[in-house]
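There are 2 protein chains.
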Amino acid sequence: MLVGMPRWESDAQGRLERAALELFETQGFERTTVAQIARTAGLTERSFYRYFPDKREVLFAGNELEAHLAAGVEAADPGLTPIEALLNALGTADEVFQSREFLLRRVKVIAASPALAERDLIKLADIAEALVGALDHRGVEPGKARFIIDVAIAVSRRATSRWLADPDATLSDLVAQTAAELREAVAPPTRTAG
Amino acid sequence: MLVGMPRWESDAQGRLERAALELFETQGFERTTVAQIARTAGLTERSFYRYFPDKREVLFAGNELEAHLAAGVEAADPGLTPIEALLNALGTADEVFQSREFLLRRVKVIAASPALAERDLIKLADIAEALVGALDHRGVEPGKARFIIDVAIAVSRRATSRWLADPDATLSDLVAQTAAELREAVAPPTRTAG
DNA sequence: GTCTATAGGGCGATAGAC
DNA sequence: GTCTATCGCCCTATAGAC
Numbered sequence: 020m021l022v023g024m025p026r027w028e029s030d031a032q033g034r035l036e037r038a039a040l041e042l043f044e045t046q047g048f049e050r051t052t053v054a055q056i057a058r059t060a061g062l063t064e065r066s067f068y069r070y071f072p073d074k075r076e077v078l079f080a081g082n083e084l085e086a087h088l089a090a091g092v093e094a095a096d097p098g099l100t101p102i103e104a105l106l107n108a109l110g111t112a113d114e115v116f117q118s119r120e121f122l123l124r125r126v127k128v129i130a131a132s133p134a135l136a137e138r139d140l141i142k143l144a145d146i147a148e149a150l151v152g153a154l155d156h157r158g159v160e161p162g163k164a165r166f167i168i169d170v171a172i173a174v175s176r177r178a179t180s181r182w183l184a185d186p187d188a189t190l191s192d193l194v195a196q197t198a199a200e201l202r203e204a205v206a207p208p209t210r211t212a213g
Numbered sequence: 020m021l022v023g024m025p026r027w028e029s030d031a032q033g034r035l036e037r038a039a040l041e042l043f044e045t046q047g048f049e050r051t052t053v054a055q056i057a058r059t060a061g062l063t064e065r066s067f068y069r070y071f072p073d074k075r076e077v078l079f080a081g082n083e084l085e086a087h088l089a090a091g092v093e094a095a096d097p098g099l100t101p102i103e104a105l106l107n108a109l110g111t112a113d114e115v116f117q118s119r120e121f122l123l124r125r126v127k128v129i130a131a132s133p134a135l136a137e138r139d140l141i142k143l144a145d146i147a148e149a150l151v152g153a154l155d156h157r158g159v160e161p162g163k164a165r166f167i168i169d170v171a172i173a174v175s176r177r178a179t180s181r182w183l184a185d186p187d188a189t190l191s192d193l194v195a196q197t198a199a200e201l202r203e204a205v206a207p208p209t210r211t212a213g
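Keeping their order, the protein sequence lines are chains A and B.
Every letter in the first sequence is one number past the one before it in this note's numbering, and letter 148, counting from 1, is 167.
Every letter in the second sequence is one number past the one before it in this note's numbering, and letter 157, counting from 1, is 176.
As structure tokens, then:
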């Protein structure tokens, strides 16, 4: 036996994640079995469930984004309004994103499966809930915090969608542009005399 | 055989829905089986699936809210801004709600189960998607429409949550109040000289 | 790893209503 | 006869228990 020959191939979780994305792309989520993902990654079905509590989670592992955003809001200048603090943090989300290539593949797979779309939404809701705690430290009451977070996430979704489509723009610029769009949309209309 | 004696008890779907809510309340969603719901409603498990494509859906049947909101937006005064049209419609959502009593039971059951919370979120997303079509008829581009809808839904969620807690306020008043809160939250801060 | 309950789909049988 | 609601039985996959 050669020295340095590992007993198991490394990064079982990563292999499962890559195998799953690949299979979901080619066959669709519903028509892919957990056993198939595991086999493709050189593992057994049982081992899959050691890494992921259910089949959907294989596309949603990791808390980096939530942690990054919460940290960003906690660290924000106390002089900023809550929405400013949130949007600044959301504008740096790309710091924890994978390659745009990978994100686009993932977004497409998720959009193609209602089951994955559900999971995606609750993951976003989990992030929102985590940010309530961060705003709480700034003295924002939870109900109001959740409301402002929902608005900020709406801005972020629009900005991120644009950013995925336009390789040249920066995310934080698009967040700022979308925030301006928000201010305009909620302002009372200028009813010019007709 | 007596005249008027139906072969089956009527309203099988309603019986399933009531049995499910009751069982989810007492046992929780996960610990309730489809067979149990069906038995309680006097049906078999197989028949359950004739009415609902899956176990979660038993709490989410019906499209009344989506239809009501889409119709409200379609019928809105063309002079209103998109967000005004949306918020007006959302302020009348109570017209298609069940009793507050029933809503509170349902909200509690959904909040207690991650699986049901997921389904709840995607139902809201489905409504949002339907409203994109309604705003399209008003000449709003889809990406922008979805953004404004997400913001309006954030307002509506906060207003509805307050309305459920406060039996005396009207939903449309609370929507208006929350819209004012939104305008204040997104306005640049008045930085008084320090 | 093995075992098992449950979800959920396919297909056909049955039995009134018409 | 057709239509429609229900049930029966078979199957696989998920996911949790042991």
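Glycine is no exception: its CB is placed at the ideal position from the N, C-alpha and C atoms.
Note that this is a predicted model, so its numbers are computed, not measured.
Closer than 7 angstroms at the beta carbon, the chain B residues around residue i
i                      : result
residue 179 of chain A : What residue 179 of chain A touches in chain B: nothing, since even the nearest Cβ is about 11 angstroms away.
residue 113 of chain A : Within 7 angstroms Cβ-Cβ: nothing; residue 113 of chain A doesn't reach chain B, min ~19 angstroms.
residue 173 of chain A : 166, 169, 170 and 173
Closer than 8 angstroms at the beta carbon, the chain B residues around residue i
i                      : result
residue 205 of chain A : 102, 170, 198, 201, 202 and 205
residue 140 of chain A : 137, 140, 141 and 144
Residue i burial status per 10 Å Cβ neighbour count (16 or more: buried)
i                      : result
residue 101 of chain A : buried
residue 127 of chain A : exposed
residue 21 of chain B  : With a pLDDT of 40 at residue 21 of chain B, under the threshold of 50, the modelled position of that residue is not reliable, and the figure given next carries that caveat. It counts as exposed.
residue 216 of chain A : Shown here, chain A extends from 20 to 213; a query on residue 216 of chain A therefore has no answer.
residue 45 of chain A  : exposed
residue 201 of chain B : buried
residue 169 of chain A : buried
residue 69 of chain A  : exposed
residue 109 of chain A : buried
residue 164 of chain A : buried
residue 13 of chain A  : Residue 13 of chain A is absent from the model: chain A starts at 20 and stops at 213.
residue 121 of chain A : exposed
Straight-line Cα distance separating residue j from residue i
i                      : j                      : result
residue 144 of chain A : residue 36 of chain B  : 26 angstroms
residue 116 of chain B : residue 113 of chain A : 40 angstroms
residue 189 of chain B : residue 51 of chain B  : 36 angstroms
residue 198 of chain A : residue 174 of chain A : 6 angstroms
residue 151 of chain B : residue 167 of chain A : 22 angstroms
residue 139 of chain B : residue 84 of chain B  : 13 angstroms
residue 111 of chain B : residue 176 of chain B : 13 angstroms
residue 192 of chain B : residue 104 of chain B : 15 angstroms
residue 179 of chain B : residue 133 of chain A : 26 angstroms
residue 38 of chain B  : residue 74 of chain A  : 29 angstroms
residue 147 of chain B : residue 172 of chain B : 8 angstroms
residue 195 of chain B : residue 107 of chain B : 9 angstroms
residue 187 of chain B : residue 162 of chain A : 19 angstroms
residue 208 of chain A : residue 33 of chain B  : 45 angstroms
residue 88 of chain A  : residue 67 of chain B  : 43 angstroms
residue 49 of chain A  : residue 96 of chain B  : 44 angstroms
residue 204 of chain A : residue 54 of chain A  : 49 angstroms
residue 99 of chain B  : residue 185 of chain B : 29 angstroms
residue 58 of chain B  : residue 92 of chain A  : 51 angstroms
residue 123 of chain B : residue 65 of chain B  : 30 angstroms
residue 16 of chain B  : residue 56 of chain A  : In the structure displayed, chain B extends from 20 to 213; residue 16 of chain B sits before or after that span and is not available.
residue 159 of chain A : residue 129 of chain B : 26 angstroms
residue 86 of chain A  : residue 119 of chain A : 20 angstroms
residue 40 of chain B  : residue 78 of chain B  : 7 angstroms
residue 42 of chain A  : residue 182 of chain B : 46 angstroms
residue 131 of chain B : residue 29 of chain B  : 31 angstroms
residue 81 of chain A  : residue 137 of chain A : 17 angstroms
residue 76 of chain A  : residue 157 of chain A : 32 angstroms
residue 47 of chain A  : residue 135 of chain A : 11 angstroms
residue 25 of chain A  : residue 63 of chain A  : 18 angstroms
residue 71 of chain B  : residue 155 of chain A : 41 angstroms
residue 31 of chain A  : residue 90 of chain A  : 29 angstroms
Contact set between residue i and chain A, taken where Cβ atoms lie within less than 9 angstroms
i                      : result
residue 176 of chain B : 165, 166 and 169
residue 133 of chain B : 141
residue 162 of chain B : 177, 180 and 181
Where residue i meets chain A, residues with beta-carbon distance less than 7 angstroms
i                      : result
residue 208 of chain B : 100
Inset, instruction - Give, in chain order, every residue of the region 116-131 of chain B whose Cβ lies closer than 7 angstroms to some Cβ of chain A. - result: For chain A, none of the residues of the region 116-131 of chain B brings a beta carbon within less than 7 angstroms of one of its beta carbons.
Legend entry - Interface positions of the region 80-92 of chain A facing chain B (Cβ-Cβ less than 7 angstroms), listed along the chain: Result list empty, no residue passes.
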